[in-house]
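First up is the structure itself, then whatever we jot down about it.
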Amino acid sequence: MTQATIYHNPRCSKSRETLALLEQQGCDITLVEYLKTPPTAEVIGDILAKLGISARQLMRTKEAEYQALELADTSLTEQQLIEAMVNTPKLIERPIVLANQRAAIGRPPENVLAIL
Numbered sequence: 000m001t002q003a004t005i006y007h008n009p010r011c012s013k014s015r016e017t018l019a020l021l022e023q024q025g026c027d028i029t030l031v032e033y034l035k036t037p038p039t040a041e042v043i044g045d046i047l048a049k050l051g052i053s054a055r056q057l058m059r060t061k062e063a064e065y066q067a068l069e070l071a072d073t074s075l076t077e078q079q080l081i082e083a084m085v086n087t088p089k090l091i092e093r094p095i096v097l098a099n100q101r102a103a104i105g106r107p108p109e110n111v112l113a114i115l
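The opening position of the sequence shown corresponds to residue 0 in numbering that gives the first Met the number 0, with each subsequent residue numbered one higher.
Printed below as a string of structure tokens:
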């Protein structure tokens, strides 16, 4: 049985669809409601490494908080962007699934099948 961790927002349809897909695949799921329990900077750094993307690519750039915090500023470092996600977890793209030492963003939900 595949162990999978999902960074989940129950109000998000893609997150709910991804969770249902993991359940259909028979995964042993650890559910993290990241808005209630934000990941640490270290965890986000690990996720970014597994995804092979930059911090900015993991951010929801259309959120009002992204604009309010002036995160489009290209002079911001990776660490500053990661800290913004730790402090404002709403900025983190969702859902993120970790399994088999890999990560995938469930947009669309079928993306996660590649790591199971």
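Glycine residues also receive a C-beta, built at the ideal position from the N, C-alpha and C atoms. None of the values given here were measured: they were computed from a predicted structure.
- Of all C-beta pairs linking the region 19–33 to the region 45–61, fewer than three are shorter than 8 Å, placing the two stretches out of contact.
- M84 carries a helical assignment under DSSP once its states are collapsed to helix, strand and coil.
- Taking C-alpha positions only, L90 is separated from P37 by approximately 11 Å.
- In the structure shown, I43 adopts helical secondary structure according to DSSP, grouped into three states.
- Residue pairing by DSSP places A98 opposite A3 and R101 in a beta bridge.
- When the Cα atoms are used, A3 and L68 turn out to be separated by approximately 32 Å.
- Residue state for L70 is assigned as coil, using DSSP reduced to three classes.
- Apart from sequence neighbours up to five positions away, the residues of its chain that approach P88 with a beta-carbon distance below 7 Å are Y33, L34 and P37, ordered along the chain.
- One alpha carbon belongs to V96, the other to Y6, and they sit about 6 Å apart.
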